[in-house]
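K.L.:
Sharing a structure here in structure tokens format.
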Amino acid sequence: MRRPLEYIRVFADAAGESHLETATMTVQPEQFAPPAPPLDVSAMSRATGWNLLRFAPDWVGGWHCTPSRQWMFVMAGEATVRTSDGSQCDLRAGSICLLEDTRGKGHLTTIIGSHEVLMVAVHIPDDDPAA
Numbered sequence: 503m504r505r506p507l508e509y510i511r512v513f514a515d516a517a518g519e520s521h522l523e524t525a526t527m528t529v530q531p532e533q534f535a536p537p538a539p540p541l542d543v544s545a546m547s548r549a550t551g552w553n554l555l556r557f558a559p560d561w562v563g564g565w566h567c568t569p570s571r572q573w574m575f576v577m578a579g580e581a582t583v584r585t586s587d588g589s590q591c592d593l594r595a596g597s598i599c600l601l602e603d604t605r606g607k608g609h610l611t612t613i614i615g616s617h618e619v620l621m622v623a624v625h626i627p628d629d630d631p632a633a
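So for the sequence shown, the numbering used here puts the first residue at 503; every next one is plus one.
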């Protein structure tokens, strides 16, 4: 049985305005690591590299574009992402975000609270469908 998995997508339109939306990818039960029981698995995607990122509790990114298309997986802490159209969302441990605003006005990231934030950034090729 196919089931959707939600993530946040940050992207720029043709005029360079950044937006965010809730998107979904399909996962389905698979024997991923036999003899372990099946678990929900997405389709395989390509990656060009990855980084671990640690943000200080008082870190504010200023308006910036993402340096490449990348998945951001929040491991610990909490951050707010604001787009140029005025939308914003909070990302917490367990959140998944696809950053695709490589041009335009970019987005603003602010760490929330008094704890550092740990994320994994997985860079993906421009021609990868991502989800």
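Backbone N, C-alpha and C fix where the C-beta goes; we use that ideal spot for every residue, glycine too.
As the structure is a prediction and not an experimental result, all values here were calculated from the model.
#1: For a test of the three-state rule: what should DSSP assign to C567, helix, strand or coil?
#2: Given that a residue counts as buried once 16 or more other Cβ atoms are within 10 Å of its Cβ, and exposed if not, what is S597?
#3: Rounded to whole angstroms, what is the Cα-Cα separation between D630 and A516?
#4: Anyone know if the C-beta pair for I613 and Q572 falls short of 8 Å?
#5: In three-state DSSP terms, what is F575?
#6: Taking contact to mean 3 or more Cβ pairs, one atom from each stretch, closer than 8 Å, check whether the region 529-538 and the region 590-607 are in contact.
#7: Helix, strand or coil, according to DSSP, for W552 in the structure here?
#8: Do R505 and V543 come within 8 Å of each other at the CB atom, strictly closer than that value?
#9: Count the C-beta pairs between the region 573-584 and the region 602-613 that are closer than 8 Å, then say yes if the count reaches three, no if not.
#10: Quick one: what's got a C-beta closer than 7 Å to Q533's C-beta in the same chain, skipping five residues either side?
#11: Can you find the residues in the same chain that come closer than 8 Å, C-beta to C-beta, to I510, ignoring five residues on each side of it along the sequence?
#12: Pick from S570, L507, V619, G564: whose alpha carbon is nearest that of A545?
P.N.:
A quick look at the data gives this:
#1: coil
#2: buried
#3: 19 Å
#4: no
#5: strand
#6: no
#7: strand
#8: no
#9: yes
#10: P540
#11: L522, E523, T524, A525, V583, C591, L593, S597, I598, C599, L600
#12: L507
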